[in-house]
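Note sheet for the following structure.
In this note's numbering, the protein residues as written are 3 to 1059.
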């Protein structure tokens, strides 16, 4: 059976099913009937915007260049803007006559369209993760226990008066809604036009019989918050309602191009740069008489050069009928589309009437590329592709799910600059204009159907829902199948593996030949897939014997990790290891991080008052899932985060290895898909103890030689060995690779970055010994040991062994460094959402002893303490008269569950200026530090806070060498480290952070003093908020001895005698 026959068969069967079920359920509410989801609704079709002729197209210059821009076509009229609005809390209270002429709207409110009404203070958003906010009793909508703070099923009524252009008098006129949550009736001038469901699909109606061109026309819409379709819209997101995507009218001739489909078959023997191209067009005649039309199609470069002009086709279409035409052509010497080179062509359609007069024309972008599966790999233009991406929800802190164009562009640009090549439209089709952005900027797209019955997966196996599944998947494919960025379809998300997916797959296969993905049922998918697996589990899946992992010919399907590296809070540990596995294994083709942006929103009631305060499930009534909606790589406001820096590094397309400081040579491996390294140049910066001393000049930047994808080259980093002069300093060189060509996402974007240690520095913990001339004294009491030297005092509590006081003379008086009496002591407590073990320490003193050195210039103090069932540790202090304190620390862990192994102290709050030499300048952890670099950085304690929606342990910097905390007079303490260490300095304990729910609570929660952590090691952060624990190499071992040295010194000049 041909695809065209199969398509027609499926469509007829679908329509028959709808009519049969509708007839048998006449008394059932449309919004509580899974068989009714479209009444008088147009079939799905590709997006386009008609113009009267070709000349008019190219006058709309911005739209031609940026196809997501609002059109200036005279055949288009936007209905975005203010609408009259009224909301009731249940269907029985909805107005039944507001669509009638003369209805009084004077007491109605106004609301912007597109929008979610909850974001404007009507009813409230709900975040219940993957539960239903109504009873799970399909297809009915009933109040669920606990949700008394919400309407049973709120109904919003919309009204707008619009003047239809007089020039549309002889045209066919359509009303288009980009998205409605969740069901709606539409009236025009009091006449019922139709009914629609499928919140994230397009909704389009022929309103020609109802409108009056040249006059004012009433458009009325009644939207139900919930309907039976809501059972298929159970995605992990804030549930919101309303007309939330663009609304517009457009006009066509009576005979018009209703749909089109562009396909190409490229020849691999010619490098896929030549082949056949086919245009299929569906010519529809809504007139009362037959019509003869001629279709012309030409494909041009963006500069206007023709690459193929198809032979025009003339066809006669009977009244009320539709005919398909097929145009065939050949192309050669084309520039292929890929994520790295998103080359597009202008495809111009034109329709002339029987008199040769052009009546309709439109332009769409098309990219030539070949996508297929071969040898368990996804092949793009003849080469295997590794997918490095993220999942993305429609979310905006101000607009909710009604994201605007600027926000979409920002998301795409940020993704590209983070070296992402893939986006999964989780878990529904995005606005059509966003696919234009994916095409233009180059993002491989996993286009997902609006199908998720997470809370009741039995629905996927109930064939009474089959037509609804098919409708959603088919409309997605018909709309988006011309986009080169779409490399696969996804049947839905987390619905189980019911039989309805077989029908949905068949319907999509009938209209397009792209690969099809569905993680929940491998038998319906061209891929296998799992979510949130360990690397070891991925290895096992790669060699699984599960028969569903094979195609009919016995070959393996590729494995696609549609969700991994759950980014909730302080997260995305060991991303490098995942990406390394993607690149090195035989079958896993990559994955998409969950997810792109935190889904927190500004609280609508406060937003009305001009207050922008982020809210999560905690902030609305009824059952909720707290802040589990905040899983973003970036914040809700699209602020960059340390997580984004790590993603950028892990996804970078060039690997560095084998750096040789003596020869200044390094090996580069090209991991691009289709970019040669000769298209890049290198810049470098040389630093001494983290401070820049030399950088690339214009004449010294390095143009990279030719190196094809998959190959490696050696290059020199010409920083100059003669610059390495200080025998005690550490020298590093950092390189960045930039594109020579201008990219749509910005030429300033570095594709790859790496840092190398040219020479390690010497031990700085001994640096003050040369100034020591004074002798030290002490006073011993029953409970304390007071040690005194030149302008310093240190006091120990002999019972606890902790330093309770450290005073340095600042020139006028002794100043206390530990004002609360809490000097360095063992601290293993950490609170991040990835951690499952959050026990506090119980410290028991085992021994405390001291003696003065024979030369009386230092005091030796030894303390051994046991943190019960966690860690035994010993600190050997050597305290000098000038205030120099050396701590040699030995840790002996007693459990594998330690989250941190180190010391904490409470430092005077006025020491808020921070200077450090460690990895930075942003936060990093042992399993999330490849995207941070050794740097000497100055900041403040407050600036070391992170914007995690739910506050938690934060601010860590790994590979610490040096640290100072000083006041505004530059007085304070400095710390040097020999061996492994990290630090953080905040105005909170981790316990205090754990009790906060919102990032905006941080300012008021700040204490007066600083909590300083110096850790030998913290357990890696892992991915356990929804996924695997920290991998073993980043865990603190449960046995053994671990030593490092930490020195503390005053941070002002000390006199010498």
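No residue lacks a Cβ here, since even glycine has one placed at the ideal position from N, Cα and C.
Residue interval of the alpha helix (DSSP H) (run including residue 510): The residue labelled residue 510 in the question sits at position 508 within the chain shown. Going by DSSP, residue 510 is part of the alpha helix (DSSP H) stretching over 502-511.
Which of the three DSSP states, helix, strand or coil, is assigned to residue 8? On the chain shown, residue 8 is found 6 positions in, with the first residue counted as 1. Low local confidence applies: a pLDDT of 46 at residue 8 is under 50, so the model's placement there is unreliable, and no value is given.
May I ask which residues mark the beginning and end of the beta strand (DSSP E) holding residue 881? Here residue 881 refers to the residue found at position 879 of the chain shown. 873-882 is the extent of the beta strand (DSSP E) around residue 881.
Suppose the cutoff is 6 Å on Cβ atoms and the five residues either side in sequence are ignored; what does the same chain contact list for residue 1021 look like? By 1-based counting over the chain shown, the position of residue 1021 is 1019. Hits under 6 Å: 901, 1032, 1037, 1038.
In the DSSP assignment, what residue or residues form a beta bridge with residue 294? Here residue 294 is taken as the residue at index 292 of the chain shown, counted from 1. Paired residues: 318.
Straight-line gap, residue 63 to residue 336 (C-alpha atoms, nearest Å): Indexing the chain shown from 1 puts residue 63 at position 61. Indexing the chain shown from 1 puts residue 336 at position 334. Residue 336 has its alpha-carbon roughly 24 Å from the corresponding atom of residue 63.
Per DSSP, residue 942 forms a beta bridge with which residues? As a first step, residue 942 is located in the chain shown; it is residue number 940 there, counting from the start. Note: residue 942 sits in a beta bridge opposite 915.
Roughly how many whole angstroms lie between the Cα atoms of residue 391 and residue 289? If you number the chain shown from 1, residue 391 lands on position 389. If you number the chain shown from 1, residue 289 lands on position 287. Each residue's alpha carbon lies about 47 Å from the other.
Backbone secondary structure at residue 615 - three-state DSSP: Counting from one through the chain shown, the residue named residue 615 turns up at place 613. Coil.
Is residue 711 helix, strand or coil when you go by DSSP? As a first step, residue 711 must be located in the chain shown, where it is residue number 709. Coil, per DSSP.
Option nearest residue 1061 by Cα separation, candidates 984, 616, 666: There is simply no residue 1061 to check, as the chain begins at 3 and stops at 1059 in what is shown.
Can you give me the Cβ contacts of residue 869 inside the same chain, cut-off strictly under 6 Å, excluding the 5 residues immediately before and after it? Against the chain shown, residue 869 aligns to sequence position 867. The residues 828, 843, 845, in chain order, have a CB closer than 6 Å to that of residue 869 in the same chain once the five nearest residues on each side in sequence are set aside.
In angstroms, rounded to a whole number, what distance separates the CA positions of residue 726 and residue 760? Here residue 726 refers to the residue found at position 724 of the chain shown. Here residue 760 refers to the residue found at position 758 of the chain shown. Computed Cα separation, rounded: 8 Å.
Should residue 557 go down as buried or exposed, given a rule of 16 or more other Cβ atoms within 10 Å for buried? Here the question's residue 557 lines up with position 555 in the chain shown. Result: exposed.
What does residue 786 pair with, by DSSP beta-bridge criteria? The sequence position of residue 786 within the chain shown is 784, counting from 1. BP columns for residue 786 point to 799.
Among 30, 90, 129, 40, which one has its Cα closest to the Cα of residue 603? Within the chain shown, residue 603 is the residue found at index 601, counting from 1. Distances from the alpha-carbon of residue 603 to those of 30, 90, 129, 40 put 129 closest.
Alpha carbon to alpha carbon, how far is residue 581 from residue 1043? Give it in angstroms, no decimals. Counted from its first residue, the chain shown places residue 1043 at position 1041. Counted from its first residue, the chain shown places residue 581 at position 579. For residue 1043 and residue 581, the distance between alpha carbons rounds to 32 Å.
Taking the alpha carbon of residue 976 as the point to measure from, which residue in 402, 982, 963 has its own alpha carbon closest? For the purposes of this step, residue 976 is taken as the residue at position 974 of the chain shown. Measuring from the Cα of residue 976, the nearest candidate turns out to be 963.
Find out if the Cβ-Cβ distance for the pair residue 244, residue 381 is shorter than 9 Å. Looking up residue 244 in the chain shown gives position 242. Looking up residue 381 in the chain shown gives position 379. Not a contact, by the Cβ cut-off of 9 Å.
For residue 650, does the three-state DSSP call read helix, strand or coil? The residue labelled residue 650 in the question sits at position 648 within the chain shown. Note: residue 650 maps to helix in three-state DSSP.
Can you tell me the Cα-Cα spacing of residue 733 and residue 370, whole angstroms? Residue 733 sits at position 731 when you count from the first residue of the chain shown. Residue 370 sits at position 368 when you count from the first residue of the chain shown. Taken atom to atom, the span from the alpha-carbon of residue 733 to that of residue 370 is near 48 Å.
Return helix, strand or coil for residue 184, following the three-state DSSP convention. For the purposes of this step, residue 184 is taken as residue 182 along the chain shown, with counting starting at 1. Collapsing the DSSP output to three states places residue 184 in coil.
Helix or strand or just coil, what does DSSP make of residue 1043? As a first step, residue 1043 must be located in the chain shown, where it is residue number 1041. Residue 1043 falls in the coil class under three-state DSSP.
Per-residue burial, residue 144 [other beta carbons within 10 Å of its own, 16 or more giving buried]: For this step, residue 144 is matched to residue 142 along the chain shown. The residue is exposed, with fewer than 16 neighbouring Cβ atoms inside 10 Å.
Once you ignore the five residues that flank residue 874 on each side, which residues in its own chain have a CB closer than 6 Å to its CB? In the chain shown, the residue the question calls residue 874 occupies position 872. The answer, listed in chain order, is 868, 894.
State the Cα-Cα distance for the pair residue 923 and residue 644, rounded to the nearest angstrom. Translated into positions along the chain shown, residue 923 becomes position 921. Translated into positions along the chain shown, residue 644 becomes position 642. Approximately 9 Å between the Cα atoms of the pair.
Can you list the beta strand (DSSP E) stretches of 3 or more residues lying completely in the region 377-451, in chain order? The qualifying runs are 379-382, 389-393, 424-426, 446-450.
Classification of residue 316 by the beta-carbon crowding that lies within 10 angstroms, buried from 16 upward: For this step, residue 316 is matched to residue 314 along the chain shown. Taking all protein chains shown into account, residue 316 has fewer than 16 neighbouring C-beta atoms within 10 Å of its C-beta and is therefore exposed.
Hey, how far is the Cα of residue 258 from the Cα of residue 282? Numbered from its first residue, the chain shown carries residue 258 at position 256. Numbered from its first residue, the chain shown carries residue 282 at position 280. Straight-line Cα distance between these residues: approximately 14 Å.
So, does the region 630-642 touch the region 908-919, judging by three or more C-beta pairs under 8 Å? Look at the beta carbons and you see the region 630-642 not touching the region 908-919: under three pairs across the two are nearer than 8 Å.
Please name the residue in 211, 142, 232, 187 whose C-alpha comes closest to that of residue 172. Your numbering for residue 172 matches position 170 in the chain shown. In terms of Cα proximity to residue 172, the closest of 211, 142, 232, 187 is 211.
Over the uninterrupted beta strand (DSSP E) stretch that includes residue 61, give me the two end residues. Residue numbering aside, residue 61 sits at position 59 when the chain shown is read from its first letter. Residue 61 -> not in any beta strand (DSSP E); alpha helix (DSSP H) instead, spanning 56-61.
Do residue 946 and residue 833 have their C-beta atoms closer together than 9 Å? Counting from 1 along the chain shown, the entry for residue 946 is found at position 944. Counting from 1 along the chain shown, the entry for residue 833 is found at position 831. No, they are not a contact pair.
Once you ignore the five residues that flank residue 795 on each side, which residues in its own chain have a CB closer than 6 Å to its CB? As a first step, residue 795 must be located in the chain shown, where it is residue number 793. Leaving aside the five residues that flank residue 795 on each side, the residues in its chain whose CB is nearer than 6 Å to its CB run, in chain order, 809.
Which same chain residues, not among the five before or five after residue 138, have their C-beta less than 7 Å away from its C-beta? For the purposes of this step, residue 138 is identified with residue 136 of the chain shown, where counting begins at 1. A distance below 7 Å between beta-carbons, with the five flanking residues on each side excluded, links residue 138 to the following residues of its chain, in chain order: 457, 458.
Among 871, 718, 879, 164, nearest to residue 798 - alpha-carbon criterion: Looking up residue 798 in the chain shown gives position 796. Closest by alpha carbon: 879.
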